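K.L.:
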Amino acid sequence: MPKKDASAEIKSLPGVGAATAQKLVDGKYTTVAKIAKASAKELQNVGLSAGVATKVLAAAKTASKAKTVAKKAGSATKSTAKKAATKAASRAKKAASVAKEATQKAVSKGQEVAEEVVEKTSSAATSLKTKKSDSRKGDTINVPRSVKDMPWFKKR
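Everything in the sequence shown is counted per our numbering, starting at -14 for the first residue and increasing by one.
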């Protein structure tokens, strides 16, 4: 990765051109944060005039504050998003648990009803069984084919 030009960040400050940026880089002030921490007297020692040093220092402090505020806002946003995601996952898990419980309850109730129906059906089936009549002989009934075959009809 190519090395970043140290003066590029400094040139973004208002009132700082190529010459001023070079003086600051030569004086080991390579970032806006370092300039914001310096005093106006230290910037004058690098080769800046008193007026330019004051303007550059004010601009650096403002830029540094803005960057800090943006960073805090970004981390707060990340934190809020993470909390919301955790909360949503928790709610989804709870909803799934409730749905599973309701399904199990419904299946259990259905099984109870089915068992009841089977029990009633089996008890009804035992009461409907017919007993074999003592008067009948065998499993089949002789059905007369005509009136003449009936026992009450007497042949003459």
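Think of the CB as a built atom: it goes at the ideal place given N, C-alpha and C, for glycine as much as any other residue. Keep in mind the model is a prediction, meaning the values are calculated, not measured.
Got a sec, what are the start and stop residues for the alpha helix (DSSP H) Val10 sits in?
P.N.:
Translated into the one-based positions of the sequence shown, residue 10 becomes position 25. Here the alpha helix (DSSP H) through Val10 covers Ala3 to Asp11.
K.L.:
Examine the Cβ distances between the region 22 to 34 and the region 70 to 86 and report whether three or more of them are shorter than 8 Å.
P.N.:
Contact between the region 22 to 34 and the region 70 to 86 is absent, because fewer than three Cβ pairs lie under 8 Å.
K.L.:
Output the distance between the C-alpha atoms of Met135 and Pro129, rounded to the nearest integer angstrom.
P.N.:
As a working note, residue 135 is residue 150 in the sequence shown. As a working note, residue 129 is residue 144 in the sequence shown. When rounded, the distance between both Cα atoms is 6 Å.
K.L.:
Do Ala208 and Ala21 have their CB atoms nearer than 9 Å?
P.N.:
Residue 208 is absent from the model: the chain starts at -14 and stops at 141.
K.L.:
If you draw a straight line from the alpha carbon of Tyr14 to that of Lys52, how long is it in whole angstroms?
P.N.:
For the purposes of this step, residue 14 is taken as the residue at position 29 of the sequence shown. For the purposes of this step, residue 52 is taken as the residue at position 67 of the sequence shown. Distance between the alpha carbons of Tyr14 and Lys52 is about 17 Å.
K.L.:
How would you label Leu113, buried or exposed, when you count the other beta carbons within 10 angstroms and need 16 or more for buried?
P.N.:
Here residue 113 is taken as the residue at index 128 of the sequence shown, counted from 1. Its pLDDT being 49, under 50, Leu113 is placed unreliably in this model, and the coordinates cannot settle the point.
K.L.:
Expressed to the nearest angstrom, what Euclidean distance is found between the alpha-carbon atoms of Glu(-6) and Lys68?
P.N.:
Your numbering for residue -6 matches position 9 in the sequence shown. Your numbering for residue 68 matches position 83 in the sequence shown. If you take the alpha carbons of Glu(-6) and Lys68, they lie about 35 Å apart.
K.L.:
Which residue marks the beginning of the alpha helix (DSSP H) containing Ala23, and which one marks its end?
P.N.:
Translated into the one-based positions of the sequence shown, residue 23 becomes position 38. From DSSP, Ala23 is part of no alpha helix (DSSP H); its letter is neither H nor E.
K.L.:
Assuming Val17 and Ala45 make a contact with CB atoms under 8 Å, what is their CB distance in whole Å?
P.N.:
On the sequence shown, position 32 is the one that residue 17 refers to. On the sequence shown, position 60 is the one that residue 45 refers to. Yes, they are in contact, since the Cβ atoms of Val17 and Ala45 sit about 5 Å apart, within 8 Å.
K.L.:
Can you tell me whether Ser34 is helix, strand or coil according to DSSP?
P.N.:
The residue given as residue 34 occupies position 49 in the sequence shown. Correct three-state label for Ser34: coil.
K.L.:
How should Ser173 be labelled, buried or exposed, when 16 other C-beta atoms within 10 angstroms of its C-beta is the threshold for buried?
P.N.:
Only positions -14 to 141 of the chain appear in this structure, which leaves residue 173 out of reach.
K.L.:
Under the rule that 16 or more other beta-carbon atoms within 10 Å means buried, what is Ala6, buried or exposed?
P.N.:
Numbered from its first residue, the sequence shown carries residue 6 at position 21. It counts as buried.
K.L.:
Find the nearest neighbour of Ala23 within the set Ala43, Ala61 and Ala80, judged by alpha-carbon distance.
P.N.:
Taking the sequence shown and counting its residues from 1, one reaches residue 23 at position 38. Among Ala43, Ala61 and Ala80, the Cα nearest to that of Ala23 is on Ala43.
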